[in-house]
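In this note's numbering, the protein residues as written are 71 to 136. Ideal placement from N, C-alpha and C gives every residue a C-beta, glycine not left out.
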Amino acid sequence: MRRGEWIILSGQMLLGLSAGLMLAAVVVCAAQSFVPAVTELIAAAAGAAIIGGAVELLGEWMDYEC
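Below you can see the structure in the form of structure tokens.
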């Protein structure tokens, strides 16, 4: 595997983590009334999605440019 492919894979794993955190937020929200933990889960999911997307784009760029 080239270096860019490893970076793309790590970005995709972060996007998967984001999806898992969002699912956890939905489950917690459905199980109880609004709790502060839901806000924290959503914020963590959004952060993971932003970082994962940026890492994946970096990997794509490295794959084509390097």
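Asked                                                                                                                 : Found
L84 versus C99 - alpha carbon distance                                                                                : 22 angstroms
Own chain partners of T109 with C-beta closer than 7 angstroms, once the 5 adjacent residues on each side are dropped : none
Selection from I112, S80, G122, L79 that minimises the alpha carbon distance to L91                                   : I112
Rounded separation between Q82 and A94 - CA only                                                                      : 18 angstroms
Alpha helix (DSSP H) runs wholly inside the segment 77-117, at least 4 long, in chain order                           : none
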